[in-house]
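Let me begin by presenting the structure, written as structure tokens, before commenting on it.
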Amino acid sequence: MLIGDFNGIWVSSDRSSNRGLDNGSRRMRNAMDNLGMITIPHSGFSYTWTNRRRNHGLVHSWIDRGVANEEWWRLFPNASIQILPQTTSDYNPQVLHCFGQQSYAKRPFWFEAAWVEDQRSYWVVNHAWWTKSHPRPPTRLVNRLQASHTAFSQWNKNQFGNIQSNIQGTWTALYSLQQSPDLDDVDRDKNLRLDLDHLLKMEEILWF
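For what it's worth, the numbering used here labels the leading residue of the sequence shown as 1, then goes sequentially.
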């Protein structure tokens, strides 16, 4: 199985311009055919690269893909590739799902390190902590921890926002914008890329 940037197209329709296939693309396609490599089906975007030029100079191409031989297909018959929106690169990231795209259960509550990146988190815990009291220290501690738990959950939902939901919303906005064949709103595309990059960095904190 091979996946990545082949720096060439399979057929002329893999490029938004009408240039057709160059000699390098033809040789690559012939080599893949001779090896019995079959393209892994994809979902999401039709193209994986853009030159980011404006108006008539804009070109989209599907030059990143996954291919596999018959032996690999016997092991992973439900494999697919998900093409995601661009962020900081000219290329669309790709995710290989060997067993098909699956959903994941929501994890239980715990303190998110990314909350510390928001200065408002100090006041959330400060208010929750000092509004609870009890003459017995152990009970006082439990009450304050429970109050902080509830306060952070509500703040995350109503103000900070669930990071995964924000990422999904930004992905969707980028997807819709970049699916436009003209991509006229370059400034909005740039801002969405920056927003997504920031959110992904915050998400990365969640894993450590």
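In this text, a Cβ means the ideal position worked out from N, Cα and C, and glycines have one as well.
The structure displayed is predicted, hence computed values, not measured ones.
If I follow the unbroken beta strand (DSSP E) through residue i, where does it start and stop?
i   : result
R65 : D64 to A68
D5  : L2 to D5
G44 : H42 to G44
S80 : S80 to I83
Q94 : Q94 to H97
What residue range is occupied by the uninterrupted alpha helix (DSSP H) comprising residue i?
i    : result
H127 : R120 to W130
G57  : Careful: G57 lies outside any alpha helix (DSSP H) and carries neither H nor E.
D33  : N23 to N34
Indicate whether residue i and residue j have their beta-carbon atoms separated by less than 8 Å.
i    : j    : result
R193 : Q86  : yes
D118 : D64  : no
V116 : S148 : no
T170 : L196 : yes
G20  : G8   : no
T139 : I83  : no
H127 : A151 : yes
So, under 8 Å CB-CB, residue i and residue j are touching, yes? Tell me the CB distance rounded to an integer number of Å.
i    : j    : result
D14  : S43  : So it is not a contact: roughly 16 Å between Cβ atoms.
L96  : I3   : 6 Å
G100 : E70  : Between E70 and G100 the Cβ distance is about 19 Å, and since that is not below 8 Å, they are no contact.
I40  : G66  : 4 Å
S121 : V59  : That belief does not hold up - the Cβ atoms of S121 and V59 are roughly 45 Å apart, past 8 Å.
W72  : M28  : At roughly 19 Å, the Cβ-Cβ gap does not stay under 8 Å, so W72 and M28 are not in contact.
N166 : L199 : 5 Å
Compare the C-beta of residue i against all C-beta atoms of chain C and say whether one is closer than 8 Å.
i    : result
T139 : Reference to chain C is not applicable here, since this structure consists of a single protein chain.
(Q) Quick check for students: name the residue ranges of the alpha helix (DSSP H) that lie wholly in the region 152 to 189, counting only runs of 4 or more. (A) Segments of the alpha helix (DSSP H) lying fully in the region 152 to 189: 163 to 178.
Q) If you pair each beta-carbon of the region 109 to 120 with each one of the region 157 to 177, do three or more pairs fall below 8 Å? A) Contact holds: three or more Cβ-Cβ distances are below 8 Å.
Q.
Within 8 Å, do at least three Cβ pairs link the region 71 to 80 to the region 53 to 60?
A. Judged by pairs of C-beta atoms under 8 Å, the region 53 to 60 does not touch the region 71 to 80, as fewer than three such pairs exist.
Q) Should the region 168 to 180 be regarded as contacting the region 143 to 159, the criterion being three or more beta carbon pairs within less than 8 Å? A) Proximity of the region 168 to 180 to the region 143 to 159 falls short of the contact definition, fewer than three beta-carbon pairs being nearer than 8 Å.
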